Amino acid sequence: MTLIVGGRYLLTSGFFAWLTDRVRPGQYDSLKPQIGREIRWSLLSAAIYGVPAGIVAWGWQNAGWTRIYTDLNIYPLWYLPLSLFLYLFFHDTWFYWTHRLFHRPQCFKVAHAVHHDSRPPTAWAAMSFHPVEAMSGAIVIPALVVAIPIHVGILGLVFLVMTIMGVSNHMGWEMFPRWLVQGRLGQWLITATHHEKHHESYRGNYGLYFRFWDKVCGTDIGLADLGGSFGASARSKRVRE
393 MTLIVGGRYL LTSGFFAWLT DRVRPGQYDS LKPQIGREIR WSLLSAAIYG
443 VPAGIVAWGW QNAGWTRIYT DLNIYPLWYL PLSLFLYLFF HDTWFYWTHR
493 LFHRPQCFKV AHAVHHDSRP PTAWAAMSFH PVEAMSGAIV IPALVVAIPI
543 HVGILGLVFL VMTIMGVSNH MGWEMFPRWL VQGRLGQWLI TATHHEKHHE
593 SYRGNYGLYF RFWDKVCGTD IGLADLGGSF GASARSKRVR E
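Residue 461 in our numbering is what sits at position 69 of the sequence shown, and the numbering runs on without skipping anything.
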């Protein structure tokens, strides 16, 4: 599982780093030492994520520990999208509150400073965590599959969303179109424009997928300025602090 998590990280972050070079040529040219640190921390995080993932995978196949199912007839079809939402919402909830905790001065100094050492973050920074922070994130999905039924295909979709959003939110430009980011739907979703503001300000915008908890708790500080362009065709230079 460590090899799977690490390989997924290298392939996904590598792809988005390549895409960044195509869309924003030269954006990462001066960040090579930082990218090296991000990769090393991320591979350590992959090793940590692999432990509970491996235990749960063994438990699913051999001991029936989980609520993962493969037969579509066990639950009604309407439960498939509901289970996807539940997993993303509970993951987002855990991330929001632990993320706020890691921004407490002592916790930040001990652990979260590693992630914010990426200034500005790149596509390689999505898993760049101190081991303490990595452990807090590694237990979420394993805990959910023990508690909440989910079809194995929907679980794969959860991992896909988690991976793409984790990487794309850190790559320093907005791949989604303006109508989505600044429209009604964008008022509730987190993309690079929203998360970049967190990395600029070191406060606020603590969510992972949704802006729900930020809005409820008054920590939504709006969107960053990523050069005024949206979508993969954007070519303008990134505005840096």
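Ideal Cβ placement from N, Cα and C applies to all residues, glycine included. Since this is a predicted model, take the numbers as computed values, not measurements.
What does a CB cutoff of less than 8 Å around residue i pick up in its chain, not counting 5 residues either side in sequence?
{"i": "Leu403", "result": "none"}
{"i": "Trp452", "result": "Thr458, Ile460 and Val537"}
{"i": "Gly596", "result": "Lys589, His590, Asp606, Thr611, Asp612 and Ile613"}
{"i": "Phe602", "result": "Leu480, Phe481, Asp484, Trp580, Leu581 and Ile582"}
{"i": "Ser625", "result": "Confidence in Ser625 is poor, its pLDDT being 45 and thus under 50, which makes the residue's placement too unreliable to answer from."}
{"i": "Ile540", "result": "Arg459, Ser475, Leu478, Tyr479 and Phe482"}
{"i": "Leu552", "result": "none"}
Assign residue i to buried or exposed, taking buried as 16 or more other Cβ atoms, counted over all protein chains shown, within 10 Å of its Cβ.
{"i": "Gln579", "result": "exposed"}
{"i": "Thr458", "result": "buried"}
{"i": "Trp571", "result": "exposed"}
{"i": "Ile466", "result": "exposed"}
{"i": "Ala616", "result": "buried"}
{"i": "Arg630", "result": "Residue placement at Arg630 is flagged as unreliable, the pLDDT there being 38, under the threshold of 50; a coordinate-derived value is accordingly withheld."}
{"i": "Asn454", "result": "exposed"}
{"i": "Ser510", "result": "buried"}
{"i": "Tyr594", "result": "exposed"}
{"i": "Leu618", "result": "buried"}
{"i": "Gly529", "result": "buried"}
{"i": "Gln498", "result": "exposed"}
{"i": "Trp433", "result": "buried"}
{"i": "Leu600", "result": "buried"}
{"i": "Pro468", "result": "exposed"}
{"i": "Val608", "result": "exposed"}
Tell me which residues share the same chain as residue i and place their Cβ nearer than 6 Å to its Cβ, disregarding the 5 neighbours each side in the sequence.
{"i": "Val397", "result": "Ala438, Tyr441 and Gly442"}
{"i": "Gly545", "result": "none"}
{"i": "Gly406", "result": "none"}
{"i": "Tyr375", "result": "Any property of residue 375 remains undetermined from this structure, which presents the chain solely from 393 to 633."}
Tell me residue i's beta-bridge partners as DSSP assigns them.
{"i": "Phe602", "result": "Leu581"}
{"i": "His543", "result": "Tyr461"}
Spatial neighbours of residue i within its chain, please: C-beta separation below 7 Å, excluding the five flanking residues on both sides.
{"i": "Glu430", "result": "Ser510, Thr514, Trp516, Ala517 and Ser520"}
{"i": "Leu472", "result": "His543 and Ile546"}
{"i": "Val532", "result": "His483 and Trp486"}
{"i": "Ile491", "result": "Looking at the sequence provided, one finds His at residue 491 rather than Ile. Excluding positions up to five away in sequence, the list reads Tyr598."}
{"i": "Phe500", "result": "Phe494"}
Chain C beta carbons: is any one of them nearer than 8 Å to that of residue i?
{"i": "His591", "result": "Of the protein chains in the structure, only one exists, and it is not chain C."}
| Which ranges does the alpha helix (DSSP H) cover as unbroken runs of at least 4 residues, wholly within the segment 437 to 499, from first to last along the chain? | Fully enclosed alpha helix (DSSP H) runs of 4 or longer: 471 to 494.
| Are at least three pairs of beta-carbons, each pair with one atom in the segment 560 to 569 and one in the segment 443 to 451, less than 8 Å apart? | no
| Are at least three pairs of beta-carbons, each pair with one atom in the segment 556 to 564 and one in the segment 578 to 595, less than 8 Å apart? | Yes, they touch.
| query | Which runs of the beta strand (DSSP E) spanning at least 3 residues fall entirely within the segment 394 to 445, listed in chain order? | reply | none
| query | Is the segment 414 to 434 close to the segment 514 to 525, with three or more CB pairs under 8 Å? | reply | yes
| said: Measuring CB atoms only, is the segment 518 to 528 touching the segment 468 to 480, in the sense that at least three cross pairs come out at less than 8 Å? | reply: no
| said: To test your reading of the DSSP string, which unbroken alpha helix (DSSP H) runs of 4 or more residues are found completely within the segment 523 to 575? | reply: 523 to 530, 532 to 539, 544 to 560 and 570 to 573
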